[in-house]
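Residue numbers (our numbering): 85 to 574. Ideal Cβ placement from N, Cα and C applies to all residues, glycine included. Report on the following structure.
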Amino acid sequence: MKPRIHRHHYTMMAALGLGWALFAHFTWTPGLLREPEVWGFFALTVLAEALPVELPRGRGTVSVSFPIIFAASIVFGPAVGFFVGSFGTLSLRQLSGVVPWQGVVLNRLQLGLAGGLSGLVFRAVATPGAGAIAPWVALILGGATYFLVNAGSVALMLSLLYRIPLWSFVRTTMLGPMGSYLGLIPITYVMVAAYESVGFLGLALFFLPLLVARHSFQMYNAIRRSYDDMVAALADALEARDAYTAGHAQRVGEIAMGLGRALHLSEDRLELVGLAGLLHDIGKIAVPDRILNKKTALSRAERAVMRRHPLIGHGIVRHIKFLEDGVRWVRHHHEEWDGTGYPDGLVGESIPLGARIISIADSIDAMLSDRPYRMARRLTQAAEELARHSGRQYDPRLVEAFLRLCGDRRFVNETLRQPAPLAPKDVERLIALARESASRAEAAAGAELEPAPPRPKRYRVKRVRYVLTRRIQPGSGVKVFGEPSGERRG
Ligand SMILES: [Fe+2]
Numbered sequence: 085m086k087p088r089i090h091r092h093h094y095t096m097m098a099a100l101g102l103g104w105a106l107f108a109h110f111t112w113t114p115g116l117l118r119e120p121e122v123w124g125f126f127a128l129t130v131l132a133e134a135l136p137v138e139l140p141r142g143r144g145t146v147s148v149s150f151p152i153i154f155a156a157s158i159v160f161g162p163a164v165g166f167f168v169g170s171f172g173t174l175s176l177r178q179l180s181g182v183v184p185w186q187g188v189v190l191n192r193l194q195l196g197l198a199g200g201l202s203g204l205v206f207r208a209v210a211t212p213g214a215g216a217i218a219p220w221v222a223l224i225l226g227g228a229t230y231f232l233v234n235a236g237s238v239a240l241m242l243s244l245l246y247r248i249p250l251w252s253f254v255r256t257t258m259l260g261p262m263g264s265y266l267g268l269i270p271i272t273y274v275m276v277a278a279y280e281s282v283g284f285l286g287l288a289l290f291f292l293p294l295l296v297a298r299h300s301f302q303m304y305n306a307i308r309r310s311y312d313d314m315v316a317a318l319a320d321a322l323e324a325r326d327a328y329t330a331g332h333a334q335r336v337g338e339i340a341m342g343l344g345r346a347l348h349l350s351e352d353r354l355e356l357v358g359l360a361g362l363l364h365d366i367g368k369i370a371v372p373d374r375i376l377n378k379k380t381a382l383s384r385a386e387r388a389v390m391r392r393h394p395l396i397g398h399g400i401v402r403h404i405k406f407l408e409d410g411v412r413w414v415r416h417h418h419e420e421w422d423g424t425g426y427p428d429g430l431v432g433e434s435i436p437l438g439a440r441i442i443s444i445a446d447s448i449d450a451m452l453s454d455r456p457y458r459m460a461r462r463l464t465q466a467a468e469e470l471a472r473h474s475g476r477q478y479d480p481r482l483v484e485a486f487l488r489l490c491g492d493r494r495f496v497n498e499t500l501r502q503p504a505p506l507a508p509k510d511v512e513r514l515i516a517l518a519r520e521s522a523s524r525a526e527a528a529a530g531a532e533l534e535p536a537p538p539r540p541k542r543y544r545v546k547r548v549r550y551v552l553t554r555r556i557q558p559g560s561g562v563k564v565f566g567e568p569s570g571e572r573r574g
């Protein structure tokens, strides 16, 4: 599927295009491409781009062309680095039309500028007579410039597209890969030294370490993919037993990620919340079929069996090392904000954030899906149910964030798979309702903590009788909604 083009693509294209044109205007001189070695660097870049490494979870590809382009920029000057970066990085995939033309152009502009500016910075720092340390400083600064222009423009684009603070993407898309880029700087040095002492053949020989680096990337991705496959297989194993919840785990993972994105979680946490969402009910694998697939209300004993699934799930996923905090989220996805949930009866913010997010995603998907005992609810009804239980079952802050998302057409269509978002006035009405519910729940919880009033005494003939009175707070201890009576049966 082709990625969607947004107006921000054009804004970025105009900004980078202006920089690209200015760079070409001030640095390009005729005859730069006459040397055959320039075309040797160009060919190696094309080769590196033809052997890209796929990033996990379909997030695109990376290539190891950076040290080649940077080396070309150092050896022949910024204009050649600019040329090789702009056009040597064109891959067959891009030319075949799989990538929209806007993406192809953006890539050319950002890589051309990265290649050219890195050489410019190198030459400015490593001037003759600047000392023995200068070439290394110049290499690091030049490499950092390449990285800043390339990854920085990607981070800026993602930040505009997803309306998430730039810092969040800088942390996830820039700080992580920066180590890999810096690690490739010595290879740039070796390539330049080999070219200067042996010529192009020496350079071609040093292409070999890049192929080794590529192989390591591939191995890492293969391991990540097998982890993902294992998680998906676990989730499928559960869903194979219950036709009515087909796709539920997948959707819970997606909704949880959407809500997490609205809360500005980092990409790493989002990935984790998606995986934990996928696995949240895995403990139901130990619940007998007659209970799991029962079409009528569960008895007390059956409910007790069903309520063991978060603990069983925790026992299963705690062996998955890369799930990290997600293991606790699986355990606590049935905890409730007021402490009436299970298995540990955690209260408020002592419930891990990931578990609170999954709890909302789980309830919403359950309400929006058909069940054997009822039809799916409409989005307005589901959102209203959620608002009514803000501050009792759900974290009020997350409820509000979710209600705002219900007004976002893209989230509603693509993630909730609902035909239309809520109107702004409905979103505001539901937020007001959620706030009211949350303050009522808070008041009730506060009242429960007050000391009990003194017991009134009544006197009858020769007999003292104590009448015990007990204040019953609205909502306290009385399950009105949802789990385990209705939407979330376990
Ligand atoms: Fe569950």
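Here the alpha carbons of leucine 250 and leucine 201 stand approximately 22 Å from one another.
Not one heavy atom of ligand 1 sits closer than 7 Å to the Cβ of histidine 92. Taking the Cβ atoms as the reference, serine 237 lies roughly 14 Å from glutamine 186, outside the contact range of under 8 Å. Residues Arg391, His418 of the same chain have their beta carbon placed closer than 6 Å to that of tyrosine 426, with the five preceding and five following residues left out of the count.
A heavy atom of ligand 1 is found nearer than 7 Å to the CB of proline 394. A residue is called buried when at least 16 other Cβ atoms come within 10 angstroms of its Cβ; threonine 129 meets this threshold and is buried.
Contact between alanine 278 and glycine 286 holds, with the beta-carbon distance rounding to 4 Å and staying under 8 Å. Taken atom to atom, the span from the alpha-carbon of valine 401 to that of leucine 430 is near 20 Å. Judged by the Cβ position, aspartate 510 fails to qualify as a neighbour of ligand 1 at the 7 Å threshold, every heavy atom of the ligand being at least this far. For histidine 416, the distance from the CB to the nearest heavy atom of ligand 1 is not below 7 Å. Residue range 410-415 is occupied by the alpha helix (DSSP H) that includes arginine 415.
Taking C-beta atoms as the reference points, leucine 223 and tyrosine 273 count as a pair closer than 8 Å.
In terms of side-chain proximity, the C-beta atom of aspartate 446 is found nearer than 7 Å to a non-hydrogen atom of ligand 1. In the structure shown, arginine 391 falls within a coil segment according to DSSP collapsed to helix, strand and coil. The nearest non-hydrogen atom of ligand 1 is 7 Å or more from the C-beta of histidine 398. For leucine 363, the closest C-alpha among the options Pro372, Ala385, Lys378, Asp409 is that of Asp409. Burial is judged here by how many other beta carbons sit within 10 angstroms of a residue's own beta carbon; glutamate 119 has fewer than 16 and is exposed. Collapsing the DSSP output to three states places arginine 462 in coil. Here the distance from the Cβ of aspartate 365 to the nearest heavy atom of ligand 1 is below 7 Å. The DSSP assignment places 480-489 as complete runs of the alpha helix (DSSP H) inside the region 467-506, in order along the chain (cut-off: 4 residues).
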